[in-house]
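Chemist: So that we are looking at the same thing, I have put the structure below in structure tokens.
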Amino acid sequence: MAQVSLERRPSHRLFENVVTFATYLYLLRVPLLIGLFLLFLPVVALWQGSPLVSLLQNLFWLTPENTFWCTVAALELSWSLLLTVRLILLNGADRFGVPQGISAAKLTRRQFFVVVVVGLPLLVGPFTQYRDFDYKFPDLALRLTAVVGGFVAAYVLAFIALYAAVLLSPKGTQDLIHTFPVLPFMRRWLPWANDRDILPEWSSKLARWFRDYFPYGLWAGYLNPHNGLLWPGHWLALLFCLATVTLYVGIDLYRQTCLGEATPVPALAFVLLLLLNLNWILSVLAFFLDRYRIPLIVPIFILCVLGSHAPSSDHYYMVQHGVSIQPVHPHQVLSTRIQNKTPIVLIATAGGGIQAAAWTTQVLSGIESQTRTWGVSSFAKSVTLISAVSGGAVGSMYYLNLFHPEGENAFDREKLNSLTRKAAASSLDDIAWALVYRDLSRSFFPYVKLSSEQKVFDRGYILEESWRNRDNIHANLSNWRVGVAEGLRPAVIFNSTIAETGEPLLLGTTEMQADVNNFHRRSFYELYPNTDVSVVTAVRLASTFPYVTPAARALSTKPEYHIVDGGYYDNYGISSLVAWLDSAFHGLQREKKPLPPVLVIQIRSFPDDAVAAPTNKGWFFQSYAPLNGLLSVRTTGQLVRGREELSLFAEKWARFGAVRIHMATFEFRGHNAPLSWSMNPSQEAEITRQWNQVAVATNPDLLVVHCFFDPNYDGCYQNDGSR
956 MAQVSLERRP
966 SHRLFENVVT
976 FATYLYLLRV
986 PLLIGLFLLF
996 LPVVALWQGS
1006 PLVSLLQNLF
1016 WLTPENTFWC
1026 TVAALELSWS
1036 LLLTVRLILL
1046 NGADRFGVPQ
1056 GISAAKLTRR
1066 QFFVVVVVGL
1076 PLLVGPFTQY
1086 RDFDYKFPDL
1096 ALRLTAVVGG
1106 FVAAYVLAFI
1116 ALYAAVLLSP
1126 KGTQDLIHTF
1136 PVLPFMRRWL
1146 PWANDRDILP
1156 EWSSKLARWF
1166 RDYFPYGLWA
1176 GYLNPHNGLL
1186 WPGHWLALLF
1196 CLATVTLYVG
1206 IDLYRQTCLG
1216 EATPVPALAF
1226 VLLLLLNLNW
1236 ILSVLAFFLD
1246 RYRIPLIVPI
1256 FILCVLGSHA
1266 PSSDHYYMVQ
1276 HGVSIQPVHP
1286 HQVLSTRIQN
1296 KTPIVLIATA
1306 GGGIQAAAWT
1316 TQVLSGIESQ
1326 TRTWGVSSFA
1336 KSVTLISAVS
1346 GGAVGSMYYL
1356 NLFHPEGENA
1366 FDREKLNSLT
1376 RKAAASSLDD
1386 IAWALVYRDL
1396 SRSFFPYVKL
1406 SSEQKVFDRG
1416 YILEESWRNR
1426 DNIHANLSNW
1436 RVGVAEGLRP
1446 AVIFNSTIAE
1456 TGEPLLLGTT
1466 EMQADVNNFH
1476 RRSFYELYPN
1486 TDVSVVTAVR
1496 LASTFPYVTP
1506 AARALSTKPE
1516 YHIVDGGYYD
1526 NYGISSLVAW
1536 LDSAFHGLQR
1546 EKKPLPPVLV
1556 IQIRSFPDDA
1566 VAAPTNKGWF
1576 FQSYAPLNGL
1586 LSVRTTGQLV
1596 RGREELSLFA
1606 EKWARFGAVR
1616 IHMATFEFRG
1626 HNAPLSWSMN
1636 PSQEAEITRQ
1646 WNQVAVATNP
1656 DLLVVHCFFD
1666 PNYDGCYQND
1676 GSR
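So the number in my numbering is just where the residue sits in the sequence shown, counting from 1, plus 955.
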């Protein structure tokens, strides 16, 4: 039988090259994925066709100081990606048994500057939004200067890391001193450092001992097998990593001195620092584990399992024990107002992040201004109840903080003009800092023993601090009960949801009884008797926007429920408002008192007609169709349910005498509303512009309010056409 000569067999070089390329793609997956994220983040955040614009655009709204720090962080991240890629290509043959990726241990000018392209879209992106961000020419010039300054600062940090690596590495081992891009006067420093031998002799002996007595697989790709010294590329990566860690820690120390205050380091810089740390940590793990074919998901899974039940890794909120709460019932609130002949206004304000907070304050302050032009009684004096959800709870908090029943002026009308500005102020930087520097450390060290203060110190607490400092809000929720029964302060319900059961939890200043169907809504004071909570904590629990703030439980030694955003149960606040008013009417009936007419105002921060258009879908749609339907019905279904609930309630009580429920809805009808805790100048201006379109005499909802306060106004008429 004839044998085929080996020399005549077809070449498989192309196939081998493809396999090698695919292998390196896998080995380089950490820096490549992070680099792609860095490259495309500005695209998905700023491109107007992206569905994530409303959520991510304002990450890029930067002051010149913010621009400087983002430039530094973006460039340090880009260069860290270069170094981790370079290590794998240089040491792939030793560590993984694949063909050598590169052989020259050089860091050329081209490599150093080409990798900057990865971070370039992030630096250029904010300039493309100059209209939304209201950048004028001086602003553009300042931000361009900040980019240049950030590049210089990042380069200096990189050079210091390089110089330290050359100085601390064994004598004459760093060839990249001849290729690294530096200025001529700096070039002379590097050969001098390369000729020094600073490390003690025992360090080299330790490395050789490790090489001689430990299995080859543990040090392959790390140590030179001939002399036992650490490969030069690892020295540079190690020292650059230490330089970036110094930057990371320095920013943290500075930020701790400014809790709850604005600083030059923005949320986007913290995102980049998070990616920087992830690149170092995951690249180190992958470089070690890939030799043994252990995927990264294994240590991540182990970390999740170990920390899933660790008390120190959970999130908490602070409560005050031993507090006696004086009960206030809804019918008592109405009785006082009926006796004083005060119009009764109930407000339901919907969720929607910072957009809802700003729109809520704009509507409330706008209606107050309108009532003054009408010459009728103060709108604020007539507000009887506010049922608030999520961002609407934040806006309501700033409004309710204007009431001071114990002082000379029961309502601080002078601060109304600054209310929307306070509600629209960004809290994103505070949350990002706490997430990167506090919350993630709990994941890596879940069993570290923490004090009570350390347990509550997370991104939720920092968000509370920013709200507290912005308007000097130091009251507990029980303090806001003072004056409610006397009609000097509105009652409030901050709506939240119990994560474990899905039922509503009311953080309010009044109590409610079960409705006619014997459905009872749990309240915070029922769940935790003789316990109190601060106002900002109550609002934070009611506005636990998914992943922005954590699901938290009361700080105690026993298991407790975790509280999340009230929007999961009812994003419009109608359900609690109807239950509260129903309880009040039943109480008045029991005392045989007349039922008063009431005005129900709904504040919605997004248009309710933004219905998605029908589309053609492929088979892959079936994989996420249930989730898509669940998310869609969460808002649309709640809106329809709220309308029906309010309508049926009005019909029910219309049968009892002449009671009438008046209804008005003030809905934001604009576009480009944000979904994060930050607003840019164009979005703030849109809030005012939309209200100006609402505040006209012909607006039917404003007319309902006007006629409720002044039935003799010429524009009023009944449903039958009579005046």
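All C-beta atoms in this analysis are idealised placements derived from N, C-alpha and C, irrespective of residue type, glycine included. Bear in mind the structure is a predicted one, so any value in this text is a computation, not a measurement.
I'd like to confirm the pairing. Which residues does DSSP put opposite ILE1252 in its beta bridges?
Modeler: As a working note, residue 1252 is residue 297 in the sequence shown. Paired residues: none, contrary to the question.
Chemist: Considering only residues of the same chain and omitting the five flanking positions on each side of ASN1473, which have a CB-CB separation below 6 Å?
Modeler: In the sequence shown, residue 1473 corresponds to position 518, counting from 1. Annotation note: pLDDT 48 at ASN1473 (below 50); position unreliable, no value reported.
Chemist: Rounded C-beta distance between ASP1487 and VAL1278? I'm assuming under 8 Å.
Modeler: Position 532 of the sequence shown holds residue 1487. Position 323 of the sequence shown holds residue 1278. At roughly 4 Å, the Cβ-Cβ gap stays under 8 Å, so ASP1487 and VAL1278 are in contact.
Chemist: For ALA1108, which residues in the same chain have their Cβ closer than 6 Å to its Cβ, ignoring the five residues on either side in sequence?
Modeler: For the purposes of this step, residue 1108 is taken as the residue at position 153 of the sequence shown. Answer for ALA1108: VAL1027, listed in chain order.
Chemist: Where does ASP1394 fall in DSSP's three states?
Modeler: Within the sequence shown, the letter at position 439 stands for residue 1394. Residue state, collapsed to three classes: helix.
Chemist: Classify ASN1473 as helix, strand or coil using the three-state DSSP reduction.
Modeler: Locating residue 1473 in the sequence shown gives position 518, where the first residue counts as 1. Only weak support is given to the placement of ASN1473: the predicted model assigns it a pLDDT of 48, under 50, and the value that follows is read from those uncertain coordinates. DSSP places ASN1473 in coil when its eight states are reduced to three.
Chemist: Within a Cβ cutoff of 6 Å, which residues of the same chain sit near GLY1105, ignoring the five residues on either side of it in sequence?
Modeler: On the sequence shown, residue 1105 is found 150 positions in, with the first residue counted as 1. Counting only Cβ-Cβ distances below 6 Å, and skipping sequence neighbours, we find PHE1023, THR1026 and VAL1027.
Chemist: Given 8 Å as the limit, is there contact between the segment 1502-1520 and the segment 1436-1449, that is, 3 or more CB pairs closer than that?
Modeler: They do not touch, by the three-pair rule.
Chemist: How is the beta strand (DSSP E) around SER1342 delimited, first residue to last?
Modeler: The residue labelled residue 1342 in the question sits at position 387 within the sequence shown. Counting along the chain, the beta strand (DSSP E) containing SER1342 begins and ends at 1338-1344.
Chemist: What span of residues does the alpha helix (DSSP H) with MET1618 cover, start to end?
Modeler: Looking up residue 1618 in the sequence shown gives position 663. No alpha helix (DSSP H) contains MET1618, which is instead part of the beta strand (DSSP E) from 1616-1622.
Chemist: Of all the options PHE1169, LEU1123 and VAL1079, which has the alpha carbon lying nearest to the alpha carbon of TRP1147?
Modeler: Taking the first residue of the sequence shown as 1, we reach residue 1147 at position 192. Of the listed residues, the one whose Cα sits closest to TRP1147 is LEU1123.
Chemist: So what does DSSP say about VAL959, is it helix, strand or coil?
Modeler: Residue mapping note: residue 959 aligns to position 4 of the sequence shown, counting from 1. Residue placement at VAL959 cannot be trusted, given a pLDDT of 45 that sits under 50; what the coordinates show is reported in the next sentence. Three-state DSSP puts VAL959 in coil, outside helix and strand.
Chemist: Quick one: is PRO986 buried, meaning 16 or more other Cβ sit within 10 Å of its Cβ, or exposed?
Modeler: Indexing the sequence shown from 1 puts residue 986 at position 31. Per the 10 Å Cβ criterion, buried.
Chemist: Would you give the residue range spanned by the beta strand (DSSP E) that VAL1679 belongs to?
Modeler: Residue 1679 falls outside the range modelled here, since the chain spans only 956 to 1678, and no answer is possible.
Chemist: For ILE1610, which three-state DSSP category applies?
Modeler: Counted from its first residue, the sequence shown places residue 1610 at position 655. Note that residue 1610 is Arg in the sequence shown here, rather than Ile. In the structure shown, ARG1610 sits in coil (DSSP, three-state: anything other than H, G, I, E or B).
Chemist: DSSP on GLY1080, reduced to helix/strand/coil?
Modeler: Here residue 1080 refers to the residue found at position 125 of the sequence shown. GLY1080 falls in the helix class under three-state DSSP.
Chemist: Please classify GLU1481 as buried or exposed, where buried requires at least 16 other C-beta atoms within 10 Å of its C-beta.
Modeler: Counting from one through the sequence shown, the residue named residue 1481 turns up at place 526. So GLU1481 ends up on the exposed side.
Chemist: If you draw a straight line from the alpha carbon of LYS1547 to that of LEU1532, how long is it in whole angstroms?
Modeler: To locate residue 1547, count along the sequence shown from 1; it is residue 592. To locate residue 1532, count along the sequence shown from 1; it is residue 577. Their backbone Cα atoms lie some 22 Å apart in a straight line.
Chemist: Do you know whose CA, among ILE1153, GLN1310, VAL1121 and LYS1126, lies nearest TRP1144's CA?
Modeler: Along the sequence shown, one-based indexing puts residue 1144 at 189. Comparing Cα-Cα distances from TRP1144 to each of ILE1153, GLN1310, VAL1121 and LYS1126, the minimum goes to VAL1121.
Chemist: Run through the segment 1285-1322 for me and flag every whole alpha helix (DSSP H) of 4 or more residues, listed as ranges in chain order.
Modeler: Segments of the alpha helix (DSSP H) lying fully in the segment 1285-1322: 1285-1294.
Chemist: According to DSSP, is TYR1168 part of a helix, a strand, or is it coil?
Modeler: Numbered from 1 along the sequence shown, position 213 holds the residue referred to as residue 1168. Residue state, collapsed to three classes: helix.
Chemist: Which of the three DSSP states, helix, strand or coil, is assigned to GLY1056?
Modeler: The residue given as residue 1056 occupies position 101 in the sequence shown. Of the three classes helix, strand and coil, the one that applies to GLY1056 here is coil, per DSSP.
Chemist: Check the C-beta distance from ILE1428 over to VAL1491 and give it rounded, since I have them as a contact under 8 Å.
Modeler: Here the question's residue 1428 lines up with position 473 in the sequence shown. Here the question's residue 1491 lines up with position 536 in the sequence shown. That belief holds up - the Cβ atoms of ILE1428 and VAL1491 are roughly 6 Å apart, short of 8 Å.
Chemist: Expressed to the nearest angstrom, what Euclidean distance is found between the alpha-carbon atoms of LEU1010 and ASP1269?
Modeler: Reading the sequence shown from its first residue, position 55 is the one you call residue 1010. Reading the sequence shown from its first residue, position 314 is the one you call residue 1269. So the alpha carbons of these two residues sit roughly 26 Å apart.
Chemist: DSSP three-state call for PHE1135: helix, strand or coil?
Modeler: Here residue 1135 corresponds to residue number 180 of the sequence shown, with the count starting at 1. Of the three classes helix, strand and coil, the one that applies to PHE1135 here is coil, per DSSP.
Chemist: To the nearest angstrom, how far is the alpha carbon of PRO1219 from that of THR1018?
Modeler: Position 264 of the sequence shown, counting from 1, holds the residue named residue 1219. Position 63 of the sequence shown, counting from 1, holds the residue named residue 1018. Each residue's alpha carbon lies about 8 Å from the other.
Chemist: Give me the Cβ distance between LEU1042 and VAL1071, rounded to the nearest whole Å; I'm assuming they're in contact under 8 Å.
Modeler: By one-based count along the sequence shown, residue 1042 stands at place 87. By one-based count along the sequence shown, residue 1071 stands at place 116. So it is not a contact: roughly 19 Å between Cβ atoms.
Chemist: Tell me, please, whether the segment 1301-1321 touches the segment 1344-1360 by the rule of three or more beta-carbon pairs shorter than 8 Å.
Modeler: Yes, the segment 1301-1321 is in contact with the segment 1344-1360.
Chemist: Going by Cα to Cα distance, which pick from ASN1182, PHE1135, SER1290 and ALA1312 is closest to ARG1065?
Modeler: One-based indexing of the sequence shown puts residue 1065 at position 110. It is PHE1135 whose Cα lies nearest to the Cα of ARG1065.
Chemist: Please state whether the Cβ-Cβ distance between LEU1112 and LEU1202 is less than 8 Å.
Modeler: To locate residue 1112, count along the sequence shown from 1; it is residue 157. To locate residue 1202, count along the sequence shown from 1; it is residue 247. For LEU1112 and LEU1202, yes; Cβs fall inside 8 Å.
Chemist: Opposite SER1489 in the DSSP bridges: which residues?
Modeler: By one-based count along the sequence shown, residue 1489 stands at place 534. Bridge partners of SER1489: ASN1431.
Chemist: Going by C-alpha to C-alpha distance, which of LYS1336, ALA1312 and THR1315 sits closest to THR1297?
Modeler: Locating residue 1297 in the sequence shown gives position 342, where the first residue counts as 1. Closest option to THR1297, Cα to Cα, is LYS1336.
Chemist: Taking 8 Å as the threshold, find out whether the segment 1151-1158 comes into contact with the segment 1228-1246 through three or more Cβ pairs.
Modeler: No: fewer than three Cβ pairs fall under 8 Å.
Chemist: Would you mind giving the Cβ-Cβ distance between ALA1192 and ARG1246, rounded to the nearest angstrom? I have them listed as a contact below 8 Å.
Modeler: In the sequence shown, counting from the first residue as 1, residue 1192 sits at position 237. In the sequence shown, counting from the first residue as 1, residue 1246 sits at position 291. Contact doesn't hold; Cβ gap of about 18 Å is too wide.
Chemist: Could you give the distance in angstroms between the alpha-carbon of THR975 and the alpha-carbon of LEU991?
Modeler: Here residue 975 refers to the residue found at position 20 when the sequence shown is read from its first residue. Here residue 991 refers to the residue found at position 36 when the sequence shown is read from its first residue. Cα to Cα, THR975 sits roughly 21 Å from LEU991.
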